[in-house]
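To start, the structure itself, in structure tokens.
2 protein chains.
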Amino acid sequence: MSTAAPATAFDTRTRILHLAEELLLARGFNAFSYQHIAKELGVKPAAIHYHYPSKEELGAAIIQRQQRRLRKWRDLPRVTELTPPQQLDALLDVYRHRAAHGPQVCLFGALAADFLTLPAVMQQELRTFSGELTHWLAGVLAAGRADGSLQFSGHPFSKAAQVLTTLAGSLQVARVHGEEQFHYILRQLRTELLPTREA
Amino acid sequence: MSTAAPATAFDTRTRILHLAEELLLARGFNAFSYQHIAKELGVKPAAIHYHYPSKEELGAAIIQRQQRRLRKWRDLPRVTELTPPQQLDALLDVYRHRAAHGPQVCLFGALAADFLTLPAVMQQELRTFSGELTHWLAGVLAAGRADGSLQFSGHPFSKAAQVLTTLAGSLQVARVHGEEQFHYILRQLRTELLPTREA
DNA sequence: AAACATACTTACTTATTAGTAAGTAAGCAA
DNA sequence: TTGCTTACTTACTAATAAGTAAGTATGTTT
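For the protein sequence lines, the chains are A and B, in the order given. Numbering follows UniProt numbering, in which position 179 of the first sequence is assigned residue number 179; successive positions increment by one, without gaps. Numbering follows UniProt numbering, in which position 73 of the second sequence is assigned residue number 73; successive positions increment by one, without gaps.
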């Protein structure tokens, strides 16, 4: 067959990655262990090591998968064909979804606090991931301002960095103060970016 | 004497608290240990337990001290007598200072990611601390908009939450992407809040 | 059927964690 | 000088961590 691995292997590998990601976003990198994953999966911790020999590799795999997801999502016709305000809303929906589930924080918000304790490989992957997301949003914002569908001052890149920073922080706020606070912040963000219609 | 404890006791207790705070802001709550503090202080880990029996108490003491600092700072005549834009700048200076040293993140940014793993006492203290800071800033923003020295849309409380969220996030960004990115975000924030002079 | 790879388990090591209990040196108080 | 408090150290426990080595059952390939 042309598949890289047998079906069972693929399943377990994926389930490990999925669980590890959930645990990472819920507890941070230093507060989840192979035991947590193993127990939830009904296997022994050594089985996790078989698929991901070190925690560093597991962590890097989580970032890489999010990176692949971002690229895939960003390049979807369903997304590329949207207007800039619609693309912004599509991005906000990702965060709204996280806020409603847990609340989960985003990958950046989960790893940035522990950043200095992360293996160098993970630090670099997080930089790349975050940089690419910011670059994409900067493009959306620039296009939106050019066609008059979005408003803001300053450079698109600065504004994109500010917006993403606020979004990452807003999920942390949701965790501490509840989902309502999160929506206040998002409404504030959205209102400021969308031009007021003078009807 | 009227002092609560002998000079030596006070010194060590304070030095522990200071070091613990540094380690907390640098590594997160789950990635620093009594050993780290003890080694840096030149004592045995058990000595730390003598002053702060449990990590939960040590963590709570850190938040409580920041809470006291906030109240003291906020009520300083030097601060209360400033105009709203000056008060905002005074707040931003606190974050600028952190960004230039380390960069350190803020207490909220350090604890929010690990929030679900924190002892209940610390969760509650962080909520109180963060809530009080937001309340203060909301007052500053409301006063500033009332006298025309600050501009923003929406409720002062929502805007305050958004600003503080962005500030917390911006220090995490500084850690990942460098101090320059932090200043981009802060300039963006400041520019939007200060009315453009029509000279 | 023999050989091999996959996906594990069992059993282990080494390191680190928070926390405790008992002992001790130094200083102050009665 | 006797006793008490402060501020520790020494020596420990129990739990948990990441990671490894060797064994094993279940296939698949040849």
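Glycine included, C-beta positions come from ideal geometry on N, C-alpha and C. Keep in mind that this is a model prediction, so the values were computed, not measured.
In chain order, V173 place their CB closer than 6 Å to the CB of Q181(B), counting only its own chain and leaving out the 5 sequence neighbours on each side. Here DSSP, grouped into helix, strand and coil, assigns P53(B) to coil. Interface criterion not met: the Cβ of L193(B) is under 8 Å from no Cβ in chain A. Where L92(B) is concerned, the enclosing alpha helix (DSSP H) starts and stops at P84 to A100. Between L150(A) and L141(A) a beta carbon distance of about 6 Å is seen, short of the 8 Å cut, so the two are scored as contacting. Around the beta carbon of T166(A), a 10 Å sphere encloses 16 or more other beta carbons of the protein chains shown; the residue is thus reported as buried.
Interface with chain B (8 Å Cβ-Cβ cutoff): S33(A) is excluded.
When C-beta atoms of the segment 98-112 of chain B are compared with those of the segment 15-26 of chain B, three or more pairs fall below 8 Å, so the two segments count as touching.
When the five nearest sequence neighbours on each side are left out, the beta carbons in the same chain lying within less than 8 Å of the beta carbon of Q64(B) are those of E125, in order along the chain. Look at A38(A) here: in three-state DSSP terms it is helix. By alpha-carbon distance to E21(A), the top candidate from Q66(A), Q35(A) and T83(A) is Q66(A). In the structure shown, G169(A) adopts helical secondary structure according to DSSP, grouped into three states. A contact between stretches requires three or more CB pairs, one per stretch, nearer than 8 Å, and the segment 46-65 of chain B fails this requirement with the segment 74-88 of chain B. The C-beta of Y184(B) comes closer than 8 Å to at least one C-beta of chain A. Per DSSP, reduced to three states, the secondary structure at D11(A) is helical. Using a Cβ-Cβ cut-off of 7 Å, V105(A) is close to A113 of chain B, given in chain order. The alpha-carbon separation between A31(B) and V121(A) amounts to approximately 18 Å. When secondary structure is reduced to three states using DSSP, L70(A) falls in the helix class. The shortest CA-to-CA distance from L189(B) to any of S130(B), R175(B), R98(B) and L91(B) is the one to L91(B). In the structure shown, T128(A) adopts helical secondary structure according to DSSP, grouped into three states. By the Cβ rule, the segment 36-48 of chain A does not count as touching the segment 29-44 of chain B, because fewer than three pairs are nearer than 8 Å. Looking only at E192(B), A160(B), L137(B) and F157(B), the smallest Cα-Cα distance to S158(A) is reached by E192(B).
With respect to F108(B), A168(B) sits close: the two C-beta atoms are nearer than 8 Å.
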